[in-house]
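Trainee: Using numbering that gives the first Met the number 0, read the sequence shown as starting at 0 and increasing by one per residue. Every residue gets a Cβ at the ideal spot worked out from N, C-alpha and C, and that includes glycine.
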Amino acid sequence: MKGYFFKIFLLIYIFFIHFHLSAQVNRTDSLEIILPTLTEDSLKTAVLVELCWAYRNINIKKSATYCQQAEKLARSKQYTYLLAKTLNHLGLLHNNKAEYDLALAYYFEALGIAQTNLHQDQLGYAYHSIAEIYRKDEHKIHQALVFVNKASQIFKEGNFPDGVAFCHLTLGRIDTGRKAYQSAQKNYSIALKIWKELNNENLIANVYFDMGGLYKEQKDYEQAYTYLYRANLTFNKLNNIRGKLLVLNQLADINLLQNQPDSVIIKLQHGLSVAKNSGITELIEEFYTYLASIYAFQKNYQQAYQYEKILNHFKDSIKQIERNTQIVETETKYDVTNKVKAIQTLQQQNEEKQDMLYLLGIVLLGTIIIGVFLYKNIRQKQEVNRQLIFQREQIKIQNNQLARLNDEILLQKEEQVKLNAFKNKLFSIISHDLRNPLASLKGAILLFKTHLLTDSEQDSLIDKLSNDLQSTSYLLDNLLNWTRSQMQGLKIYPQTVVLYELVQENIELLTSQAQLKNIHLENQIPKNITVFADVEMIKTLIRNLLHNAIKYSFPKGVVLISAYVSEEKQCVIVDVKDNGRGISKEEMSKLFGSTHFSKHGTANEKGSGLGLLLSKEFVEKNGGELWVESVENKGSIFSFSLPYERATEYYIK
Numbered sequence: 000m001k002g003y004f005f006k007i008f009l010l011i012y013i014f015f016i017h018f019h020l021s022a023q024v025n026r027t028d029s030l031e032i033i034l035p036t037l038t039e040d041s042l043k044t045a046v047l048v049e050l051c052w053a054y055r056n057i058n059i060k061k062s063a064t065y066c067q068q069a070e071k072l073a074r075s076k077q078y079t080y081l082l083a084k085t086l087n088h089l090g091l092l093h094n095n096k097a098e099y100d101l102a103l104a105y106y107f108e109a110l111g112i113a114q115t116n117l118h119q120d121q122l123g124y125a126y127h128s129i130a131e132i133y134r135k136d137e138h139k140i141h142q143a144l145v146f147v148n149k150a151s152q153i154f155k156e157g158n159f160p161d162g163v164a165f166c167h168l169t170l171g172r173i174d175t176g177r178k179a180y181q182s183a184q185k186n187y188s189i190a191l192k193i194w195k196e197l198n199n200e201n202l203i204a205n206v207y208f209d210m211g212g213l214y215k216e217q218k219d220y221e222q223a224y225t226y227l228y229r230a231n232l233t234f235n236k237l238n239n240i241r242g243k244l245l246v247l248n249q250l251a252d253i254n255l256l257q258n259q260p261d262s263v264i265i266k267l268q269h270g271l272s273v274a275k276n277s278g279i280t281e282l283i284e285e286f287y288t289y290l291a292s293i294y295a296f297q298k299n300y301q302q303a304y305q306y307e308k309i310l311n312h313f314k315d316s317i318k319q320i321e322r323n324t325q326i327v328e329t330e331t332k333y334d335v336t337n338k339v340k341a342i343q344t345l346q347q348q349n350e351e352k353q354d355m356l357y358l359l360g361i362v363l364l365g366t367i368i369i370g371v372f373l374y375k376n377i378r379q380k381q382e383v384n385r386q387l388i389f390q391r392e393q394i395k396i397q398n399n400q401l402a403r404l405n406d407e408i409l410l411q412k413e414e415q416v417k418l419n420a421f422k423n424k425l426f427s428i429i430s431h432d433l434r435n436p437l438a439s440l441k442g443a444i445l446l447f448k449t450h451l452l453t454d455s456e457q458d459s460l461i462d463k464l465s466n467d468l469q470s471t472s473y474l475l476d477n478l479l480n481w482t483r484s485q486m487q488g489l490k491i492y493p494q495t496v497v498l499y500e501l502v503q504e505n506i507e508l509l510t511s512q513a514q515l516k517n518i519h520l521e522n523q524i525p526k527n528i529t530v531f532a533d534v535e536m537i538k539t540l541i542r543n544l545l546h547n548a549i550k551y552s553f554p555k556g557v558v559l560i561s562a563y564v565s566e567e568k569q570c571v572i573v574d575v576k577d578n579g580r581g582i583s584k585e586e587m588s589k590l591f592g593s594t595h596f597s598k599h600g601t602a603n604e605k606g607s608g609l610g611l612l613l614s615k616e617f618v619e620k621n622g623g624e625l626w627v628e629s630v631e632n633k634g635s636i637f638s639f640s641l642p643y644e645r646a647t648e649y650y651i652k
């Protein structure tokens, strides 16, 4: 129960964070203020995950730190949903830094955890994120489509419109890369419509950004400017620094295509300044590289060399560059350095130094050839690693399928055992409990044929046979209902039932049986109490409890049936009270067991034990409970609860 209330609190808390902290800065500040005060590990992990996500576009280092803390806590406490969500966030951080192998490793691990624990939304996001990486490789477009379609199916079946929009955004990007511009426009429009309905400003801005890129590819620069301007307005409003920098980069590309290098440099220098202040390292590197290329394009080799030098120092300081990237960049630096020196040499020397320029060209060509060879080799290794990760995931999926099959086999085995027990009990009742009444009837018929009985003896025997036949009829009713219940053929048809009338009907049926022991049956149920239940099931339930009360009551006893509405439990509680022999503690433990416990009544009446077991099953099928209170040799109170329709205030306890 504690876990249940905690989950409710957690959902309310996350709802509050998302919808009542409108500004991004206020949201992160509030979360960071709350974090040190939290003692519940689940809530602390959830807040760490939220902080990781909130800082992804503002401060990459902070985002990574919070993600790592969340991952460690979620793993140690086995919070599978939060762990899958954290791994998806970590994958996104590495994806944004172009560290695709690491990103894929995180995504595939998130996919495995989400699939094993049926976290459908995180499973869909893992599939979608893998597709986002594969789409960047033209040789992996088919795999990207497979993964994004899996994600889309999960999101649609689970009613996750946000995820459906993400899938259309990715399909639009794939179409843009394939120059299927009309299809791309359609997918972007669907994503935009969904996020407008969800009022998600950040993702609306993302669609505008991608649509700007789409129009740039079609050389419609006016439309491209329009959508990029819309995206930038929203990114500014939300303080999405990463988004603003990406817009700057896209605008610089358009300026370059329009042969406006000076505008490109202004935008790149502004972007570099913002990226430095925000600590977004991967964009700092991108701006340095872009500036070096632009200055080289303008033949300002001194500035190009200066930015290349700064870029190299920056890379060394953060120590986040992989070996293959270092090789390519070192070759690029070598090329730029020699090119600058060659140009300076050409400017200082006369025409007879021309051969040195040719030599530089040969060295450059050799460097490019070596770089291409190394690049292909590294890509092949990366592909092998991706395949290994994919195969490992497939093995996990197959293992999970085998485990599920094993569970199904065990369930079938347990069901077979239950069916065998049902069969044995059925044969036992038919052979024993039905045989005795029939034998009694046969003996009575033989006595009648002798004509030796007096009138009083005949009346007594007829009363006894009537009582035995009534008990046998109840037994057959119980046996039929129990058999249908065990074979899962018993259906419930609930309706409004006036409880007093139902009890009175059963009292009239059992009056003759009660009179044999001079037992008084009294209906004390208020006439206005109604319940919502299956009529036939409740008839059987009341008849069985009254029958048992008569059976175990002493002669001249009293059986009282009363009821009241419990406001606390929101139900009607019915009590069947007798002053009979009662039940011992040892017998109480066997009362509702699967072995159909039964004992003789106060007049040596026999029973099958089915009535009480069937009563318990019927009351539970109607949403209630059955319990007993008893004192040996003083009597018992069998009580059951049922959902009520309405009741007079006077009877509410």
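Give the C-beta separation of Glu216 and Thr175 to the nearest angstrom, bearing in mind that I take them to be a contact with Cβ-Cβ under 8 Å.
Mentor: As a first step, residue 216 must be located in the sequence shown, where it is residue number 217. As a first step, residue 175 must be located in the sequence shown, where it is residue number 176. Indeed they touch by this definition, with Cβ atoms about 6 Å apart.
Trainee: Please report the straight-line C-alpha distance between Tyr653 and Ser455, rounded to a whole angstrom.
Mentor: Outside the displayed range of the chain (0 to 652) lies residue 653, so it cannot be described from this structure.
Trainee: Roughly how many whole angstroms lie between the Cα atoms of Gln397 and Lys615?
Mentor: By one-based count along the sequence shown, residue 397 stands at place 398. By one-based count along the sequence shown, residue 615 stands at place 616. Taking the straight line from one Cα to the other gives about 42 Å.
Trainee: If I'm right that Ile112 touches Ala83 with Cβ under 8 Å, what's the distance once you round it to whole angstroms?
Mentor: Reading the sequence shown from its first residue, position 113 is the one you call residue 112. Reading the sequence shown from its first residue, position 84 is the one you call residue 83. Rounded, the Cβ-Cβ distance is 5 Å, consistent with contact.
Trainee: Among residues of its own chain, excluding the 5 on either side of Leu122, which ones have a beta-carbon nearer than 7 Å to its beta-carbon?
Mentor: Here residue 122 refers to the residue found at position 123 of the sequence shown. Only Leu110, Ala113, Gln114, Ile153 meet the Cβ criterion.
Trainee: Using the C-alpha atoms, what's the distance from Ala150 back to Asn158?
Mentor: For the purposes of this step, residue 158 is taken as the residue at position 159 of the sequence shown. For the purposes of this step, residue 150 is taken as the residue at position 151 of the sequence shown. Roughly 12 Å separates the two Cα atoms.
Trainee: Just to confirm, are Thr510 and Leu520 a CB contact at a threshold of 8 Å?
Mentor: Residue mapping note: residue 510 aligns to position 511 of the sequence shown, counting from 1. Residue mapping note: residue 520 aligns to position 521 of the sequence shown, counting from 1. In contact: Thr510 and Leu520 (Cβ atoms closer than 8 Å).
Trainee: Which value, in whole angstroms, describes the spacing of the CA atoms of Ser272 and Lys155?
Mentor: Locating residue 272 in the sequence shown gives position 273, where the first residue counts as 1. Locating residue 155 in the sequence shown gives position 156, where the first residue counts as 1. Answer to the nearest angstrom: the Cα atoms are 42 Å apart.
Trainee: Check Gly634 in the structure and name its three-state DSSP category.
Mentor: By 1-based counting over the sequence shown, the position of residue 634 is 635. If DSSP states are grouped into helix, strand and coil, Gly634 belongs with the strands.
Trainee: What residue from Tyr220, Asn201, Asp219, Val263 has the CA that sits closest to Asn238's CA?
Mentor: Position 239 of the sequence shown, counting from 1, holds the residue named residue 238. The option with the nearest alpha carbon to Asn238 is Asn201.
Trainee: Looking at the structure shown, is Gln259 part of a helix, part of a strand, or coil, going by DSSP?
Mentor: By one-based count along the sequence shown, residue 259 stands at place 260. Correct three-state label for Gln259: coil.
Trainee: Just to confirm, are Leu50 and Lys43 a CB contact at a threshold of 8 Å?
Mentor: Position 51 of the sequence shown, counted from the start, is the residue given in the question as residue 50. Position 44 of the sequence shown, counted from the start, is the residue given in the question as residue 43. No; because the gap between Cβ atoms is not below 8 Å, this pair is not in contact.
Trainee: Helix, strand or coil, according to DSSP, for Ala97 in the structure here?
Mentor: If you number the sequence shown from 1, residue 97 lands on position 98. Coil.
Trainee: I need the straight-line Cα distance from Asp28 to Lys298, nearest angstrom please.
Mentor: Along the sequence shown, read from residue 1 onward, the residue named residue 28 stands at position 29. Along the sequence shown, read from residue 1 onward, the residue named residue 298 stands at position 299. Approximately 47 Å, taken between the alpha carbons.
Trainee: If Gly556 and Gly579 are in contact, beta carbons under 8 Å, what's the gap, nearest whole angstrom?
Mentor: Taking the first residue of the sequence shown as position 1, residue 556 is located at position 557. Taking the first residue of the sequence shown as position 1, residue 579 is located at position 580. Gly556 to Gly579, Cβ: 6 Å. Contact.
Trainee: Which term fits Tyr78, buried or exposed, when burial requires 16 or more other beta carbons within 10 angstroms of its beta carbon?
Mentor: Taking the sequence shown and counting its residues from 1, one reaches residue 78 at position 79. The residue is buried, with at least 16 neighbouring Cβ atoms inside 10 Å.
Trainee: If we call anything under 8 Å between Cβ atoms a contact, is Val571 one with Leu625?
Mentor: For the purposes of this step, residue 571 is taken as the residue at position 572 of the sequence shown. For the purposes of this step, residue 625 is taken as the residue at position 626 of the sequence shown. Contact flag unset, no.
Trainee: Quick one: measure Cβ to Cβ for Ile240 and Asn56, integer angstroms, because I've assumed they're closer than 8 Å.
Mentor: Position 241 of the sequence shown, counting from 1, holds the residue named residue 240. Position 57 of the sequence shown, counting from 1, holds the residue named residue 56. 6 Å between Cβ atoms; contact.
Trainee: Any idea what DSSP makes of Gln494, helix, strand or coil?
Mentor: Translated into the one-based positions of the sequence shown, residue 494 becomes position 495. In this structure, Gln494 counts as strand in the three-state DSSP scheme.
Trainee: In chain order, what residues of the same chain lie with their CB nearer than 8 Å to the CB of Asn323, ignoring the 5 residues before and after it?
Mentor: Taking the sequence shown and counting its residues from 1, one reaches residue 323 at position 324. A caution first: Asn323 carries a pLDDT of 43, below 50, which makes its placement in the model unreliable, though a value can still be read off. Excluding sequence neighbours, Asn323 sits near Leu373, Tyr374, Ile377.
Trainee: Do the region 206 to 213 and the region 243 to 251 make contact, defined as three or more Cβ pairs closer than 8 Å?
Mentor: Yes, the region 206 to 213 touches the region 243 to 251.
Trainee: Helix, strand or coil for Leu641? Go by DSSP, reduced to three states.
Mentor: The residue you call residue 641 lines up with position 642 of the sequence shown. Strand at Leu641.
Trainee: When burial is assigned at 16 or more other CB atoms within 10 Å of the CB, is Val630 buried or exposed?
Mentor: Taking the first residue of the sequence shown as position 1, residue 630 is located at position 631. Label assigned to Val630: exposed.
Trainee: What did DSSP end up calling Gln121 once you bin it into helix, strand or coil?
Mentor: By one-based count along the sequence shown, residue 121 stands at place 122. Note: Gln121 maps to helix in three-state DSSP.
Trainee: With DSSP as the reference, label Ala179 as helix, strand or coil.
Mentor: Start at 1 with the first residue of the sequence shown, and residue 179 comes out as number 180. Note: Ala179 maps to coil in three-state DSSP.
Trainee: Let me confirm a value: Ser21 is counted as buried when at least 16 other C-beta atoms fall within 10 Å, else exposed. Which label applies?
Mentor: On the sequence shown, position 22 is the one that residue 21 refers to. Per-residue confidence for Ser21 stands at a pLDDT of 41, beneath the threshold of 50, marking its modelled position as unreliable; no derived number is given.
Trainee: Starting from Ser583, trace the beta strand (DSSP E) both ways and give me its first and last residue.
Mentor: Counting from one through the sequence shown, the residue named residue 583 turns up at place 584. Note, Ser583: premise wrong, no beta strand (DSSP E); not H, not E.
Trainee: Quick one: what's got a C-beta closer than 7 Å to Val46's C-beta in the same chain, skipping five residues either side?
Mentor: Taking the first residue of the sequence shown as 1, we reach residue 46 at position 47. Leu30, Ile33, Leu34, Leu37, listed in sequence order.
Trainee: Looking at Asn148: is its Cβ nearer than 8 Å to the Cβ of Gly171?
Mentor: On the sequence shown, position 149 is the one that residue 148 refers to. On the sequence shown, position 172 is the one that residue 171 refers to. Not closer than 8 Å, so no.
Trainee: Helix, strand or coil: how does DSSP classify Lys516 here?
Mentor: The sequence position of residue 516 within the sequence shown is 517, counting from 1. Of the three classes helix, strand and coil, the one that applies to Lys516 here is coil, per DSSP.
Trainee: If you draw a straight line from the C-alpha of Tyr207 to the C-alpha of Glu137, how long is it?
Mentor: Against the sequence shown, residue 207 aligns to sequence position 208. Against the sequence shown, residue 137 aligns to sequence position 138. The alpha-carbon atoms of Tyr207 and Glu137 are separated by roughly 24 Å.
Trainee: For the structure I just gave you, are there three or more beta carbon pairs, one from the region 501 to 509 and one from the region 532 to 542, closer than 8 Å?
Mentor: Contact between the region 501 to 509 and the region 532 to 542 is present, because at least three Cβ pairs lie under 8 Å.
Trainee: Helix, strand or coil for Lys275, going by three-state DSSP, please let me know.
Mentor: Here residue 275 refers to the residue found at position 276 of the sequence shown. Correct three-state label for Lys275: helix.
Trainee: For Ile524 and Val496, I'd like the C-alpha separation in whole angstroms.
Mentor: For this step, residue 524 is matched to residue 525 along the sequence shown. For this step, residue 496 is matched to residue 497 along the sequence shown. For Ile524 and Val496, the distance between alpha carbons rounds to 13 Å.
Trainee: Classify Ile283: buried if its beta carbon has 16 or more other beta carbons within 10 angstroms, exposed otherwise.
Mentor: Numbered from its first residue, the sequence shown carries residue 283 at position 284. Classification of Ile283: buried, given that the 10 Å Cβ count is 16 or more.
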